[in-house]
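Q:
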C-alpha cells in the first residue's frame with residue numbers, strides 16, 4: 327500500500343536483459359543538480375553498444391518504425407520481440423536494420439531515410455498478375 331511504505335525499493339535492470347558486461351550503475355550528478363541520475367543511468371544501460379538490452383531496444387524501435395511506413399510490423403506484436411511474441415516474418419532484415427540503427431548513433435532520421443530510400447518502400451502497391459501469382463495473400 328503506497329500510503330504505508332515498508333522497505334525501500336531501488337531501481338534495477340530488467341532481469342532477462344541483465345548481463346555482467348552491462349552493469350546498471352546509478353551515479354548521482356555532481357553539485358546542485360536536482361536529479362537522482364536514474365533516467366540517465368537507464369538510458370546509458372539500455373543503449374550500451376554490444377549489450378542484449380541495446381539489441382532488443384533497437385529491434386523494437388525498428389519494428390515500430392517499419393510499421394509506421396508499411397502499416398504492418400516485421401514482428402506481429404510491435405512491443406514484444408521476446409519469448410511471448412511471435413517470430414518476425416523476416417528476422418534477418420530486422421536484425422540488419424537494428425544494427426544499422428545502432429551504427430548510426432540511434433538516429434531515427436537515418437533509419438527513416440534508409441527505409442524510404444529502399445527499393446521495397448518505392449515499390450508500387452498496385453495489384454498485378456505477376457505479383458498475385460508469386461504472393462496470392464498479399
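Residue numbers (the working numbering): 327 to 464. Beta carbons: idealized from backbone N, C-alpha and C, even for Gly.
(1) What is the DSSP secondary structure of residue 389, counted as helix, strand or coil?
(2) Which residue comes first and which comes last in the alpha helix (DSSP H) that contains residue 457?
(3) Taking the alpha carbon of residue 399 as the reference point, which residue from 377, 381, 380, 423 has its own alpha carbon closest?
(4) What residue range is occupied by the uninterrupted alpha helix (DSSP H) comprising residue 365?
(5) In angstroms, rounded to a whole number, what distance separates the CA positions of residue 444 and residue 379?
(6) Using only the alpha-carbon positions, how far apart do residue 369 and residue 457 sit?
(7) Answer with buried or exposed for residue 385, where buried requires no fewer than 16 other C-beta atoms within 10 angstroms of its C-beta.
(8) DSSP three-state call for residue 429: helix, strand or coil?
(9) Hey, residue 391 and residue 437: beta-carbon distance below 8 angstroms or not?
(10) For residue 427 versus residue 372, is the C-beta distance shorter than 8 angstroms?
(11) Quick one: measure Cβ to Cβ for residue 348 and residue 377, integer angstroms, because I've assumed they're closer than 8 angstroms.
(12) Looking at residue 420: is its Cβ nearer than 8 angstroms to the Cβ of residue 401?
(13) I need the straight-line Cα distance from residue 414 to residue 334, nearest angstrom please.
A: Taking the geometry as given:
(1) As a working mapping, residue 389 is identified with position 63 in the chain shown. In this structure, residue 389 counts as helix in the three-state DSSP scheme.
(2) Translated into positions along the chain shown, residue 457 becomes position 131. For residue 457, the uninterrupted alpha helix (DSSP H) run begins and ends at 455-460, by DSSP.
(3) Here residue 399 corresponds to residue number 73 of the chain shown, with the count starting at 1. Per the Cα distances, 423.
(4) As a position in the chain shown, residue 365 is number 39, starting the count at 1. Note, residue 365: alpha helix (DSSP H), 364-373.
(5) For the purposes of this step, residue 444 is taken as the residue at position 118 of the chain shown. For the purposes of this step, residue 379 is taken as the residue at position 53 of the chain shown. Answer to the nearest angstrom: the Cα atoms are 27 angstroms apart.
(6) Position 43 of the chain shown, counting from 1, holds the residue named residue 369. Position 131 of the chain shown, counting from 1, holds the residue named residue 457. Cα-Cα distance, rounded: 44 angstroms.
(7) Position 59 of the chain shown, counting from 1, holds the residue named residue 385. Only buried fits residue 385, as 16 or more other CB atoms lie within 10 angstroms of its CB.
(8) Residue numbering aside, residue 429 sits at position 103 when the chain shown is read from its first letter. Residue 429 falls in the helix class under three-state DSSP.
(9) Taking the chain shown and counting its residues from 1, one reaches residue 391 at position 65. Taking the chain shown and counting its residues from 1, one reaches residue 437 at position 111. Cβ distance < 8 angstroms, so residue 391 and residue 437 count as in contact.
(10) Translated into positions along the chain shown, residue 427 becomes position 101. Translated into positions along the chain shown, residue 372 becomes position 46. Inclusion of residue 427 and residue 372 in the CB contact set at 8 angstroms is not warranted, their separation being larger than that value.
(11) Taking the first residue of the chain shown as 1, we reach residue 348 at position 22. Taking the first residue of the chain shown as 1, we reach residue 377 at position 51. Contact flag correct, Cβ pair sits at about 4 angstroms.
(12) Counting from 1 along the chain shown, the entry for residue 420 is found at position 94. Counting from 1 along the chain shown, the entry for residue 401 is found at position 75. It is a contact, given that the beta carbons lie within the stated cut-off.
(13) Looking up residue 414 in the chain shown gives position 88. Looking up residue 334 in the chain shown gives position 8. Each residue's alpha carbon lies about 39 angstroms from the other.
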